[in-house]
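Asker:
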Amino acid sequence: MTPVDSVSVTQLPFGILPDGQHVSVFTLTNRQGMQVKVLDFGAIISEIHVPDRDGNFADVVLGFDRIEPYLHNSAFLGAVIGRFGNRIAEGRFSLDGKDYQLAVNNPPNHLHGGNQGFHQVMWQAAPFTRDDAVGITFTRSSPHGEDGYPGKLDVTVVYELDNDNALSLRYHAVTDQATPINLTNHSYFNLAGQGDILGHALSINADRYLPVDAGAIPTGELADVSGTPFDLRQSTVIGSSIDVPHEQLRIGRGYDHNFVLNQQPGDRLNLAATVRDPVSGRVMQVYTQEPGIQFYSGNFLDGSQQCKQGAIRYRGALCLETQHFPDSPNQPHFPNTILRPDEVYQTETVYRFSAE
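For what it's worth, my numbering labels the leading residue of the sequence shown as 713, then goes sequentially.
#1: Can you check DSSP and say which residues form a bridge with residue 729?
#2: What span of residues does the alpha helix (DSSP H) with residue 786 cover, start to end?
#3: What number of angstroms, rounded off, separates the C-alpha of residue 825 from the C-alpha of residue 860?
#4: For residue 923, which of helix, strand or coil comes out of DSSP?
#5: Apply the 10 Å Cβ neighbour rule to residue 1022 and answer buried if 16 or more other Cβ atoms are within range, or exposed otherwise.
#6: Using C-beta distances below 7 Å, list every residue in its chain close to residue 799, excluding the 5 sequence neighbours before and after it, in chain order.
#7: Within the same chain, show all residues whose beta-carbon is closer than 6 Å to that of residue 916, passing over the 5 residues directly before and after it, in chain order.
#8: Helix, strand or coil for residue 976 per DSSP?
#9: Within this structure, are the beta carbons of residue 748 and residue 873 separated by less than 9 Å?
#10: Would you tell me roughly how many angstroms separate the C-alpha atoms of residue 1055 and residue 770, rounded to the nearest one?
#11: Any C-beta of chain D sitting closer than 9 Å to the C-beta of residue 1065?
#12: Mind checking whether residue 1058 and residue 883 have CB atoms under 9 Å apart?
#13: Decide yes or no for the touch test of the region 1023 to 1032 against the region 884 to 891: beta carbon pairs closer than 8 Å, at least 3 of them.
#14: Only counting the same chain, and skipping five residues up and downstream in sequence, which positions put a Cβ closer than 7 Å to that of residue 920?
#15: What ranges does the alpha helix (DSSP H) occupy inside the region 787 to 839, keeping only unbroken runs of at least 4 residues that lie completely in it?
#16: Is it true that the CB of residue 913 sits closer than 9 Å to the CB of residue 990?
#17: Would you check if the region 755 to 772 and the region 801 to 815 touch, i.e. whether three or more CB-CB distances between them fall below 8 Å?
#18: Going straight from the alpha carbon of residue 981 to that of residue 858, what length do you get?
#19: Between the Cα of residue 925 and those of 960, 807 and 734, spot the shortest distance and give me the residue it belongs to.
#20: With C-beta atoms as the reference, is residue 900 less than 9 Å away from residue 787?
#21: How far does the beta strand (DSSP E) with residue 882 in it reach, from first residue to last?
#22: Would the beta-carbon of residue 791 be found less than 8 Å away from any heavy atom of the ligand PLP?
#23: In the DSSP output, which residue or residues are listed as bridge partners for residue 918?
#24: When you compare the CB positions of residue 719 and residue 845, do they come within less than 9 Å of one another, or not?
#25: When burial is assigned at 16 or more other CB atoms within 10 Å of the CB, is residue 848 buried or exposed?
#26: Using the C-alpha atoms, what's the distance from residue 809 back to residue 1064?
#27: Per DSSP, what kind of secondary structure is residue 859 in: helix, strand or coil?
Written out as structure tokens, the structure is:
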């Protein structure tokens, strides 16, 4: 891929769902030749092609090249996650005096919206182009009772790729009844485009993280990262810290924890994390308005699934899911995740790519 004269968005068939709906793949291309491919099924990011220090492009996210594996996307590759990203203990919460029971799809807990969630449904797609950016606006209405959640939730997710190789994800939602909401994207990144991520260097702008119990539910403590393998405030090679003897790493089989981001005052984008692949020189910076970021080091990837890069190998990619905290509906001292009818849910995350 080489720089192009103008931004563009193209649409091609990607497959047919069991109910007969046709799935499309949209390719966003900026002036630098960077490409992002997204599906209208699950609003899934299926490919991201970015250059290395020598200008050679590689696809840096895991994904499938046909629709069928996405119908059994147990790893949530590339998808929008909703209504609630991460876990809710035992799938239960109480809201305004009423108890709710959600699907227990990650026993004994509810994970990433349930059995259907936002990752297993069709979205309405509206592509757009400007001189400085190209993108797609995805919309859908989640009906009252979907996956057990109360209220009708109207959701918009905008993916926008600019000419500086920054991919912006903007989320917007309104509801007619109080409901938990915690939207994120579950892309798996490998900046080398192959192999594992143990040689990647990662920094996370967080003084605290959330320890979890044996079921991966936060204990409620906001623990100091100092003196632990969770102190990633300075760039750290993942392979140098991931197997350090530590009870929390044992529980997660590596990193699968929410970090409490150091936020600047005001409702603005803050630098949450930076990932570097020293071999290719590729760099990804993550900016967000969210209070937390889940670092997942691919500990449960086991090679049993084949993606477009081949077998999805153990620790073959990492996730950096910007979000509110897991189990927030049951932990009142965590930042609020309840959206009410007179409110608007609105948040933005940006993945900025470069090479050095």
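For each residue, glycine too, the CB sits at the ideal point set by N, CA and C.
Answerer: Let's see:
#1: Residue 729 pairs with nothing; no bridge assigned.
#2: Here residue 786 belongs to no alpha helix (DSSP H), and DSSP marks it neither H nor E.
#3: Straight through space, the alpha carbons of residue 860 and residue 825 are spaced by roughly 9 Å.
#4: Looking at residue 923 - three-state DSSP - the assignment turns out to be coil, as it is neither helix nor strand.
#5: Answer is exposed; the Cβ neighbour count stays below 16.
#6: If we look at residue 799 and ignore the five residues flanking it on each side, its Cβ neighbours are 818, 821, 822, 823, 928, 929, 1038 and 1039.
#7: If you ignore the 5 residues before and after residue 916, its C-beta comes within less than 6 Å of the C-beta of 944, 971 and 985, all in its own chain and listed in chain order.
#8: Residue 976 sits in coil when the DSSP states are folded into three classes, being neither helix nor strand.
#9: Yes; because the gap between Cβ atoms is below 9 Å, this pair is in contact.
#10: If you take the alpha carbons of residue 1055 and residue 770, they lie about 41 Å apart.
#11: Among the protein chains of the structure shown there is no chain D, as only one such chain exists.
#12: The Cβ atoms of residue 1058 and residue 883 sit closer than 9 Å to each other.
#13: The region 1023 to 1032 vs the region 884 to 891: no contact.
#14: Taken in chain order, the residues that qualify are 934, 935, 936, 937 and 972.
#15: Entirely contained in the region 787 to 839, not one alpha helix (DSSP H) run reaches 4 residues.
#16: Cβ atoms of residue 990 and residue 913: closer than 9 Å.
#17: As far as the Cβ criterion goes, the region 801 to 815 does not touch the region 755 to 772, which means the pair count is below three.
#18: Computed Cα separation, rounded: 31 Å.
#19: With distances taken between Cα atoms, residue 925 lies closest to 960.
#20: Yes, the Cβ-Cβ distance between residue 900 and residue 787 is below 9 Å.
#21: Start and end: 878 to 887.
#22: As for the ligand PLP, it is missing from this structure, which has no ligand bound.
#23: 973, per the DSSP bridge assignment.
#24: A contact, by the Cβ cut-off of 9 Å.
#25: Residue 848 should be labelled buried.
#26: Near 43 Å, if we compare the C-alpha coordinates of residue 809 and residue 1064.
#27: Residue 859: helix per DSSP, three-state reduction.
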